[in-house]
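To start, the structure under review is shown below, and the notes come after it.
Residue numbers (the numbering used here), protein chains in the order written: chain Y, 1 to 402; chain S, 1001 to 1402.
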């Protein structure tokens, strides 16, 4: 059986390149940038005033002038005017372009204005060029401000729009089909018998992917019937970019999924990983090189495998080039014997000394997903050790991938 | 001038209670729960088998029986059958209900089946009740599994559906109107003159709120004209639950917003906060007790004030009852004189020892939002000190509120 790291490498060997498309910048949060964003103009595009007050010539101030007749007013959004007489001033607003022949802004708090004459407070010592955000001082025209592979956050929208880009090239949203399997599963809202179970894995995968920016998901449920499974999987192999199945991959007599997938032309890359939970995970490549993930049906396994393998792999396929590694301090000694990687759910406490403490929450079984509520993610206990000490630093994976 | 903490308290004094609505569970990620979620049944709802293999009577094993004729098969999703002869076994699948008269599961890996007889591996020592996830062992029927005030994450969807809830009561999505102001602002995609600036604040507020689950946002832009501003603000005071304005709140001659708001019947609660950036922030209460935030127009101020005040306040108004406090270790000594709270952007490094290091990124001015790219949030340097030492622990606010 392969290790968790080997499994990840085998998936990454098959990584497809997801197409790009041009979309409205406002719709792009969560997508991966597929073109570099260059500054449209210098930033600021002109010497930009950062205070309400008056604009003067610093040279006049040095000559001892401390009261200035208001010659004109420069509003934000108006074309640049000029100070004609250096002993005069121009009334000025935050965001306005600096008037010609001026090089110092006196904030309104430090002047008294009477009959169109602004008188400086005698205690105030202005500096040349103060309250002027100089043209190009943040960055110059054509500077690359965001690169290909960047995952777009709300903050970036400001910057992209300020570069004049109403539309940008980002990774396409791949068509993902999620298929749950199992006769025992009954949807919420339907009557249920004692031996049946509520359908929850498929929807959980769907909302987890949606939260990560993958909105083009379809979810269907199939009963344990080889013919029905084959029919639907064949159809979705034609119209989907990614298939994610849940359930039907263990060794039971109704676990037809590996066989059905292979009969549909999916090439198996691996089946089973030396890990807990999620040991029976199956992975293959479809006829059009689609990634086909078949996850075990226990809820804790499904959620963990989806977070650990599928979410980062899809983001890589979209071209994301930077992932955040997190580490936490274990708060309790953990021993375990089996030679496998143990993904152990933890609850975090951000202590005031800047350390992140991780409190393990052992699930009853991999079906016990109620225990996951209140956990923030899981730590990866790698199989090379079977003893992890209290206060040891361990790699941590947040349920909501940052 | 009031402090940042006083400002927050004054806003919270006016906190409205946002209505609730019943929506499809699948659409509820990011919303705040308004009803407790109770377990529909015991979890698991029956003694649930967790391995493929055979179900036997442990007592037979104790009597020395180590090969069992297969009497019947119990599939997941089928009604419970019974073992008739205790010397026989029932072939069993993961997820199935435990057959009557059995109390031990032998995994398929430890048996060899020939002519309908399952023979145990002689090295294998089974335990009574092994691989049986006992009815009610995770939680019992009617247990409260999620409480009012919980912010719904993808993981919770599994649990809510497993409680049979197709629809749940959550906080309504308040109608938020975002209004940017300023003659100098030109939308991306439109021709621009040298003294003009790209419109970016309004869209940035909108996408930040959308990311936090507030999808019912409208964005408009107004020029600096009191009559136009009054007309639109009056209209939106009728149809919106929350108003967020950007720009026009400083002391400039075209900064009409505070006056216009008061003329529209908005009662001012405070204007200006002892903070950097965002000092000119204005807050008031509309005729229908709406929260009215008017933020300064510099991009760094707008984004910081939106994250620091508006996002948490809206979530509280929706009933969210738990917020995560984060702390980081400052990596560089910071001195500053003014008596104010300084929100300083930082870039985080999650070091392998489990500590979070924060590297300050000082913006050129509060217009320099390109510097924010690559920062993870900001630290709050409170005004009671003017020296913050290297490696001091400081409260941290993530741009994307967790």
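We treat Cβ as the ideally placed atom computed from N, Cα and C, and that holds for glycine.
Practice prompt. Check each residue of the region 1047–1073 of chain S: if its Cβ is closer than 9 Å to any Cβ of chain Y, include it; give the result in chain order.
Written response: 1048, 1050, 1051, 1052, 1053 and 1073
Worksheet item: At a cut of 8 Å, does the region 327–342 of chain Y reach the region 26–33 of chain Y through at least three beta carbon pairs?
Response: no
Worksheet item: Shortest alpha-carbon distance to residue 1308 of chain S belongs to which of S:1276, S:1087 and S:1220?
Response: S:1276
Worksheet item: Applying the criterion that 16 or more other CB atoms from any shown protein chain within 10 Å of the CB defines a buried residue, is residue 41 of chain Y buried or exposed?
Response: buried
Worksheet item: Which residues share a DSSP beta bridge with residue 398 of chain Y?
Response: Y:377
Discussion item. On the DSSP letters alone, give me the boundaries of the beta strand (DSSP E) that residue 1207 of chain S sits inside.
Written reply: That residue, residue 1207 of chain S, is in no beta strand (DSSP E); its alpha helix (DSSP H) goes 1201–1211.
Worksheet item: Sorted by chain position, which residues of the same chain lie with C-beta nearer than 8 Å to residue 389 of chain Y's C-beta, five sequence neighbours on each side aside?
Response: 330 and 333
Item to complete: Could you tell me the boundaries of the alpha helix (DSSP H) in which residue 1154 of chain S lies?
Response: 1154–1162
Worksheet item: Cα-Cα, which of Y:149, Y:233 and Y:343 is closest to residue 19 of chain Y?
Response: Y:149
Fill in: Euclidean distance between Cα positions of residue 264 of chain Y and residue 291 of chain Y
14 Å
Item to complete: Take every Cβ of the region 140–149 of chain Y, pair it with every Cβ of the region 1199–1215 of chain S, and state whether three or more of those distances are shorter than 8 Å.
Response: no
Fill in: Positions along the region 1–21 of chain Y whose CB lies within less than 8 Å of some CB in chain S
none
Worksheet item: Quick one: is residue 245 of chain Y near chain S, going by C-beta distance under 7 Å?
Response: no
Worksheet item: Alpha carbon to alpha carbon, how far is residue 1378 of chain S from residue 1397 of chain S?
Response: 5 Å
Worksheet item: Which parts of the region 1200–1270 of chain S are runs of the alpha helix (DSSP H), unbroken and 4 residues or longer, counting only runs that do not cross its ends?
Response: 1201–1211, 1226–1239 and 1257–1263
Discussion item. Give me the subset of the region 1154–1165 of chain S whose CB atoms are less than 9 Å from a CB atom of chain Y, sorted by chain position.
Written reply: 1154, 1155, 1156, 1157, 1158, 1159, 1160, 1161, 1162, 1163, 1164 and 1165
Worksheet item: Listing by chain order, which chain S residues have their CB less than 8 Å from the CB of residue 350 of chain Y?
Response: 1324, 1325, 1326 and 1327
Worksheet item: With a CB to CB cut of under 8 Å and the five nearest residues on each side skipped, what residues in its chain are close to residue 1192 of chain S?
Response: 1186 and 1198
Fill in: For residue 165 of chain Y and residue 299 of chain Y, the rounded distance between their alpha carbons
43 Å
Practice prompt. To the nearest angstrom, report how far apart residue 1313 of chain S and residue 1320 of chain S are at their CA atoms.
Written response: 10 Å
Worksheet item: Quick one: is residue 188 of chain Y near chain S, going by C-beta distance under 7 Å?
Response: yes
Discussion item. Here's the rule: buried if 16 or more other CB atoms are within 10 angstroms of the residue's CB, otherwise exposed. What is residue 85 of chain Y?
Written reply: exposed
Worksheet item: Does the region 1166–1175 of chain S come within contact of the region 1215–1226 of chain S, defined as at least 3 CB pairs closer than 8 Å?
Response: yes
Practice prompt. Can you pull the chain S residues whose beta carbon is under 8 Å from the beta carbon of residue 263 of chain Y, in chain order?
Written response: In chain order: nothing, as chain S lies at least about 21 Å away.
Worksheet item: Going straight from the alpha carbon of residue 1258 of chain S to that of residue 1306 of chain S, what length do you get?
Response: 18 Å
Worksheet entry | Cross-chain neighbours of residue 1369 of chain S in chain Y, by beta carbon under 7 Å | 158 and 159
Discussion item. Tell me the rounded alpha-carbon separation between residue 62 of chain Y and residue 128 of chain Y.
Written reply: 10 Å
Practice prompt. Could you tell me which of Y:162, Y:270 and Y:92 sits nearest to residue 14 of chain Y, measuring between CA atoms?
Written response: Y:270
Practice prompt. Step through the CB atoms of chain Y and report whether any lies within less than 7 Å of the CB of residue 1140 of chain S.
Written response: no
Fill in: Own chain partners of residue 60 of chain Y with C-beta closer than 8 Å, once the 5 adjacent residues on each side are dropped
68, 86 and 87
Worksheet item: With a cut-off of 7 Å, does the C-beta of residue 1094 of chain S fall near any C-beta of chain Y?
Response: yes
Worksheet item: In chain order, which continuous runs of the beta strand (DSSP E) of length 3 or greater are located wholly inside the region 1109–1134 of chain S?
Response: 1111–1114 and 1117–1120
Item to complete: Identify the contact partners of residue 1078 of chain S in chain Y, using a Cβ-Cβ distance below 9 Å as the criterion.
Response: 183, 184 and 195
Worksheet entry | Cβ pair residue 1360 of chain S, residue 1344 of chain S closer than 7 Å | yes
Worksheet item: If you count every other CB in all the chains shown that lies within 10 Å of the CB of residue 1328 of chain S, and 16 or more means buried, which is it?
Response: buried
Worksheet item: Between the region 71–86 of chain Y and the region 177–185 of chain Y, do three or more beta carbon pairs fall short of 8 Å?
Response: no
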